[in-house]
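J.: Here the protein sequences line up with chains D and Z, keeping their order.
Just so we're aligned: the first sequence equals residues 1 to 190 in this note's numbering.
Just so we're aligned: the second sequence equals residues 1 to 231 in this note's numbering.
Glycine included, each C-beta is placed from N, C-alpha and C at the ideal position.
Quick one: this structure, given as C-alpha cells, is what I'll be asking you about.
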Amino acid sequence: MNLLPTPSQTIGPFFHFCLTPGEALGRLAGPDAMGERLRLLVRVRDADGAPVGDAMIELWQADAGGKYHHPDDTQELPADPGFRGFGRLATNADGACVFETVKPGQARGPRGTLQAPHVNLSLFARGLVDRLVTRVYFAGERANHQDPVLALAPEDRRHTLLAHPDAGNPGVWTFEIHLGGERETVFFDV
Amino acid sequence: MTPYRRPDPETRPGYLYEPYKSTVRRAPAKPLILLPHTLSELTGPLYGHDAIGKTDHDLTRQHPGEPLGERMIVSGRVLDEGGHPAPHTLVEVWQTNAAGRYRHDKDNHPAPLDPNFTGAGRVMTDANGCYRFVTIKPGAYPWRNHRNAWRPAHIHFSLFGPAFVTRLITQMYFPGDPLCALDPILQSIPSEKARERLVARFDPETTEPEWALGYRFDIVLRGREATPFEG
C-alpha cells in the first residue's frame, strides 16, 4: 500500500495550554541518573536576531551509556532507569529554555562506527510550516572529528551545531539557534 | 535497520511561503542537509503512556458544567504510508472554544472565554491505531496576517509515531468551510491532494443519534522503506 502522508502544519502561537503546561518535561535526568549532569540552555533567534519567544523545543537523546530507550535500539547496553530521553519546553520571552539532562554517550553510527555525543532537537514555532531538525554536539569533544553526521555539514557552518560551556556557570552549556542571517544554524532533512 | 521513506515532496511546503507572513523572518534561507537515518532518527520518544487523565479524551467533561457549542466526536486511525497501524501512540489536540477563542494569555480576540472549556485533550491510539475524542466544534477567528484575515475552524494535532522521524504536528479542518481556500497556512501545502488529507469528513458511523455529530480524520505518518524481505 502507498498512502500519501499527512502534511505538517505550523504549531501556531497558542499551543502552551496543551503541550507545555508546566516545566516537568524539561527534566530528562532524575536525581539518580548516571553520567555527567548538565543544564542545556537553548536560545532561538530569527533572521534579524530577535528572540523567538513562542517556540517549542523537543529533545531526544541517548542516556550516558549511549543507549536510546526504544525497542529499535538493539545495542547490548543497559538502559538507565533514572533517565528519560525525551524533553519538551516552550521558549520564554528571551527565546530561551533550559533542560536538565546528562551528557549523552556515544550511540552506534553507520557501518560499525560510533557517533559523537549529541542531542537530537526539533524546533516548532509560529511561522514554521514544518519543524526544523538539528543536532546539539559538545564543543571540545574529541569524537566530534570522526562523527559521520557532523561531517555532512559544510565545514564553515559546522560550528553552528556546537553547544559551548558557560564560563560563568559550571555545568551549563549553551546552544544558540539562528533561524536565518549570517549565523544560520545547520538544519537537517531527516 | 530499515530507514524511513524520505518526506513526500507533494506534502511538503517550502519553509518560505510569503503569503504566510511569519515565515519571512523565520524560514531558514540555506538548504537543509540530507541526513541518512542513524539510530538517533530510527528511535524516538515513547511518550505519554503514563500521562493520560480520566477526562483527557472528552473535552466536554473537564469542568463542572458543559461547554457551549456544537458537541462533536472526532475519530480516526493513525497509519503509516504502507497502511500499517500506529498502535499505542500519543495524540494531543488543542483548539479554540465555540466562539473562536483560545484559553491562552496571548489570544486577545474579543470573543468570550467559556469557563467550561479548556480545549486541550490527549488520547493514545489502540492496538489497531484507532483513536476517538469528544469535543465541541471550534470557531473561526481573525488574525493579523493580512487585511480581514480569518483562520478557518481547525483542531491542532500532535503525534509521535514510532520514531524521531515520524513526529508530526498538523491541523484538521472541516469539510465545506469557505475559509479554507483563503487560508495561507493550509494553502502553503503545494498539492491539492495533500491539502485534502487535512480535511476531516462528516461520518454517519461516528455520529451518535440524539447526541453528537461525528467526523472521521485518519492520519498517515511516514513509513519505512520497503525491503526485499517485506511483503
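DSSP has D:Pro81 in a bridge; who is on the other side?
T.: Translated into positions along the first sequence, residue 81 of chain D becomes position 81. Bridge partners of D:Pro81: none, in fact.
J.: In whole angstroms, give me the CA-to-CA distance for Z:Gly119 and Z:Thr135.
T.: Stepping through the second sequence from its first residue, residue 119 of chain Z is reached at position 119. Stepping through the second sequence from its first residue, residue 135 of chain Z is reached at position 135. Going by the C-alpha atoms only, they are around 8 Å apart.
J.: Check the C-beta distance from D:Val52 over to D:Gly12 and give it rounded, since I have them as a contact under 8 Å.
T.: Counted from its first residue, the first sequence places residue 52 of chain D at position 52. Counted from its first residue, the first sequence places residue 12 of chain D at position 12. Wrong, their Cβ atoms sit about 14 Å apart, outside the cutoff.
J.: Using Cβ-Cβ distances below 7 Å, what residues of the region 63 to 95 of chain D are close to chain Z?
T.: Within the region 63 to 95 of chain D, the residues whose Cβ lies closer than 7 Å to some Cβ of chain Z are Tyr68, His70, Asp72, Asp73, Gly85, Phe86, listed in chain order.
J.: Just to make sure I have the definition right: I need the residues of chain B whose C-beta is within less than 7 Å of the C-beta of Z:His104. Which are they?
T.: The structure shown contains no chain B; its protein chains are D and Z.
J.: Quick one: which chain D residues come within Cβ less than 7 Å of Z:Gln171?
T.: Taking the second sequence and counting its residues from 1, the one referred to as residue 171 of chain Z is at position 171. Per Cβ cutoff of 7 Å: Gln9.
J.: Mind checking whether D:Asp72 and Z:Arg26 have CB atoms under 7 Å apart?
T.: On the first sequence, residue 72 of chain D is found 72 positions in, with the first residue counted as 1. On the second sequence, residue 26 of chain Z is found 26 positions in, with the first residue counted as 1. In this structure, Z:Arg26 does not lie closer than 7 Å to D:Asp72 by Cβ.
J.: On the CB-based measure, 16 or more other CB atoms within 10 Å of its CB, does Z:Arg122 come out buried or exposed?
T.: Walking along the second sequence from the start, residue 122 of chain Z turns up at place 122. Buried, because 16 or more other Cβ atoms sit within 10 Å of the Cβ of Z:Arg122.
J.: So, is Z:Pro184 buried or exposed, given that buried needs 16 or more other C-beta atoms within 10 angstroms?
T.: What you label residue 184 of chain Z is simply residue 184 of the second sequence in a count that begins at 1. Buried, by the Cβ-count rule.
J.: If I measure Cβ to Cβ from Z:Phe229 and keep anything under 6 Å in the same chain, skipping five residues before and after, which residues do I get?
T.: In the second sequence, residue 229 of chain Z corresponds to position 229, counting from 1. Low per-residue confidence applies at Z:Phe229: pLDDT is 40, beneath 50, and the placement is therefore not dependable, though the value from the model is reported in the following sentence. So the list is empty, once near-sequence residues are dropped.
J.: Taking the straight line between their C-alpha atoms, what separation do you get for Z:Tyr141 and Z:Pro178?
T.: What you label residue 141 of chain Z is simply residue 141 of the second sequence in a count that begins at 1. What you label residue 178 of chain Z is simply residue 178 of the second sequence in a count that begins at 1. Distance between the alpha carbons of Z:Tyr141 and Z:Pro178: 13 Å.
J.: Could you tell me whether the region 122 to 142 of chain D touches the region 158 to 166 of chain D, using the rule of 3 or more Cβ pairs below 8 Å?
T.: Segments in contact, yes.
J.: 7 Å is my cut-off, CB to CB: does Z:Thr23 come that close to chain D?
T.: Mapped onto the second sequence, residue 23 of chain Z falls at position 23. For Z:Thr23, the answer is yes, since a Cβ of chain D falls inside 7 Å of its Cβ.
J.: Can you find a C-beta in chain Z that's less than 7 Å from the C-beta of D:Trp173?
T.: Taking the first residue of the first sequence as 1, we reach residue 173 of chain D at position 173. Cβ-Cβ to chain Z under 7 Å: no for D:Trp173.
J.: State the Cα-Cα distance for the pair D:Glu36 and Z:Arg77, rounded to the nearest angstrom.
T.: What you label residue 36 of chain D is simply residue 36 of the first sequence in a count that begins at 1. What you label residue 77 of chain Z is simply residue 77 of the second sequence in a count that begins at 1. In a straight line, the C-alpha of D:Glu36 is about 41 Å away from that of Z:Arg77.
J.: Do three or more CB pairs link the region 120 to 131 of chain D to the region 8 to 17 of chain Z at distances below 8 Å?
T.: With the cut-off at 8 Å, the region 120 to 131 of chain D and the region 8 to 17 of chain Z touch.
J.: Taking all protein chains shown into account, decide if Z:Leu221 is buried (16 or more other Cβ within 10 angstroms of its Cβ) or exposed.
T.: The residue you call residue 221 of chain Z lines up with position 221 of the second sequence. Per the 10 Å Cβ criterion, buried.
J.: Would you call the region 140 to 156 of chain D in contact with the region 171 to 179 of chain D, where contact means no fewer than 3 C-beta pairs closer than 8 Å?
T.: Because the criterion of three Cβ pairs below 8 Å is not met, the region 140 to 156 of chain D and the region 171 to 179 of chain D do not touch.
J.: Using CA coordinates, which residue listed in Z:Pro31, Z:Tyr4, Z:Arg5, Z:Val199 is at the minimum distance from D:Phe187?
T.: Locating residue 187 of chain D in the first sequence gives position 187, counting from the first residue. Per the Cα distances, Z:Pro31.
J.: Could you tell me whether the Cβ of Z:Leu113 comes closer than 7 Å to any Cβ of chain D?
T.: What you label residue 113 of chain Z is simply residue 113 of the second sequence in a count that begins at 1. Output row for Z:Leu113: interface = no.
J.: Under a CB-based cut-off of 7 Å, is Z:Ser40 close to chain D?
T.: Reading the second sequence from its first residue, position 40 is the one you call residue 40 of chain Z. At least one chain D Cβ lies under 7 Å of Z:Ser40.
J.: Note the first and the last residue of the continuous alpha helix (DSSP H) segment covering D:Phe17.
T.: In the first sequence, counting from the first residue as 1, residue 17 of chain D sits at position 17. Where D:Phe17 is concerned, the enclosing alpha helix (DSSP H) stretches over 16 to 19.
J.: Hey, which unbroken runs of the beta strand (DSSP E) at 3 residues or more fall wholly within the region 157 to 184 of chain D?
T.: Qualifying beta strand (DSSP E) stretches, in chain order: 162 to 165, 172 to 178.
J.: Less than 7 Å separating the beta-carbons of D:Ala64 and D:Val102?
T.: Residue numbering aside, residue 64 of chain D sits at position 64 when the first sequence is read from its first letter. Residue numbering aside, residue 102 of chain D sits at position 102 when the first sequence is read from its first letter. Yes, these two residues count as a Cβ contact at 7 Å.
J.: When you compare the CB positions of D:Pro154 and D:Gly109, do they come within less than 7 Å of one another, or not?
T.: As a first step, residue 154 of chain D is located in the first sequence; it is residue number 154 there, counting from the start. As a first step, residue 109 of chain D is located in the first sequence; it is residue number 109 there, counting from the start. Going by C-beta atoms, D:Pro154 is not nearer than 7 Å to D:Gly109.
J.: With a threshold of 8 Å, are at least 3 pairs of Cβ atoms found where one atom belongs to the region 197 to 216 of chain Z and the other to the region 34 to 48 of chain Z?
T.: Touching, no, given that fewer than three Cβ pairs across the two stretches are closer than 8 Å.
J.: When you compare the CB of Z:Pro138 with every CB in chain D, is at least one pair closer than 7 Å?
T.: Reading the second sequence from its first residue, position 138 is the one you call residue 138 of chain Z. No, because no Cβ of chain D sits closer than 7 Å to the Cβ of Z:Pro138.
J.: With a CB to CB cut of under 6 Å and the five nearest residues on each side skipped, what residues in its chain are close to Z:Gly231?
T.: On the second sequence, position 231 is the one that residue 231 of chain Z refers to. Its pLDDT being 30, under 50, Z:Gly231 is placed unreliably in this model, and the value from its coordinates should be taken loosely. Answer for Z:Gly231: no residue qualifies.
J.: Select from Z:Asp203, Z:Val165, Z:Pro138, Z:Ala86 the residue whose C-alpha is nearest the C-alpha of Z:Pro67.
T.: Within the second sequence, numbered from 1, the residue matching residue 67 of chain Z stands at position 67. Comparing Cα positions, the closest option is Z:Pro138.
J.: Per DSSP, which one or two residues make a beta bridge with Z:Tyr239?
T.: Since the first residue of chain Z shown is 1 and the last is 231, residue 239 of chain Z is not available in this structure.
J.: I need the DSSP call for D:Ala29, collapsed to helix, strand or coil.
T.: Here residue 29 of chain D refers to the residue found at position 29 when the first sequence is read from its first residue. It is a strand residue.
J.: With DSSP as the reference, please indicate the residues paired to D:Pro51 in a beta bridge.
T.: Working through the first sequence from its first residue, we reach residue 51 of chain D at position 51. Looking at the DSSP assignment, D:Pro51 forms a beta bridge with D:Arg45.
J.: In the DSSP output, what is D:Phe99 paired with across the bridge?
T.: As a first step, residue 99 of chain D is located in the first sequence; it is residue number 99 there, counting from the start. Paired residue(s): D:Leu40.
J.: Report the CB separation of Z:Phe160 from Z:Arg167 in whole angstroms; it is logged as a contact under 8 Å.
T.: Translated into positions along the second sequence, residue 160 of chain Z becomes position 160. Translated into positions along the second sequence, residue 167 of chain Z becomes position 167. Confirmed, Cβ separation roughly 6 Å.
J.: How long is the line joining the alpha carbons of D:His164 and Z:Gly100, rounded to whole angstroms?
T.: Numbered from 1 along the first sequence, position 164 holds the residue referred to as residue 164 of chain D. Numbered from 1 along the second sequence, position 100 holds the residue referred to as residue 100 of chain Z. Using only the alpha carbons, I get a separation of about 43 Å.
J.: With DSSP run on the structure shown, which of helix, strand or coil describes Z:Arg224?
T.: On the second sequence, position 224 is the one that residue 224 of chain Z refers to. Strand.
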